[in-house]
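Just below is one structure, and these are the notes that go with it.
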Amino acid sequence: MNRYTNLLGDKGRKRRGRIEVIASILEVAKNRVSKTRLVYKANLNFALLNKYLSFLIRANLIREIRKNSSIYYETTEKGRAFLSRYRQLRSLLEERPEVRG
Numbered sequence: 003m004n005r006y007t008n009l010l011g012d013k014g015r016k017r018r019g020r021i022e023v024i025a026s027i028l029e030v031a032k033n034r035v036s037k038t039r040l041v042y043k044a045n046l047n048f049a050l051l052n053k054y055l056s057f058l059i060r061a062n063l064i065r066e067i068r069k070n071s072s073i074y075y076e077t078t079e080k081g082r083a084f085l086s087r088y089r090q091l092r093s094l095l096e097e098r099p100e101v102r103g
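Going by our numbering, the final residue of the sequence shown carries number 103, and the count climbs one at a time with no gaps.
Next comes the structure, spelled out in C-alpha cells:
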C-alpha cells in the first residue's frame with residue numbers, strides 16, 4: 003500500500019472519509035433498499051445518513067422511490083458511474099510503481 007491510498011481509504015484507519023462513505027452508500031443502494039438497511043449496511047447512524055442522502059439526491063447519485071407507504075433508495079446511473087470511477091482510482095493508487103534500477 004502506498005502513501006496515496008490514504009486519500010481514498012486505508013483499511014487500517016478507524017474513520018472513513020467522505021468519499022468512502024459516499025461509495026459505501028451507493029454500493030449498498032445499487033439494489034433498492036430502505037433507509038434502515040442503508041444505516042446498517044453502510045455502518046452509519048440515521049442523522050449522518052440523512053445528511054449524505056440529501057447531498058446524494060441533489061447530486062442525482064441516488065434516487066428516492068416512494069411505494070405505498072414505504073420509501074426506498076436506489077443508486078442512479080450517474081451514481082453507478084461514480085462507483086466505477088471510484089474503483090478505478092483506488093486501483094490506480096494501489097498499484098505498485100515499477101522499480102527501476
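Ideal placement from N, C-alpha and C gives every residue a C-beta, glycine not left out.
{"query": "Over the uninterrupted alpha helix (DSSP H) stretch that includes T38, give me the two end residues.", "result": "K37 to K43"}
{"query": "Sorry if obvious, but does the Cβ on N62 come closer than 7 Å to a heavy atom of the ligand NAP?", "result": "The ligand NAP is absent from the structure shown, which contains no ligands of any kind."}
{"query": "If you pair each beta-carbon of the segment 87–96 with each one of the segment 58–74, do three or more pairs fall below 8 Å?", "result": "no"}
{"query": "Please list, in chain order, all residues of the same chain as T78 whose beta carbon is under 7 Å from its beta carbon, the five residues on each side excluded.", "result": "N62, L63, I64 and R65"}
{"query": "According to the Cβ coordinates, are I24 and L58 closer than 8 Å?", "result": "yes"}
{"query": "Give me the Cα-Cα distance between Y74 and E97, rounded to the nearest whole angstrom.", "result": "37 Å"}
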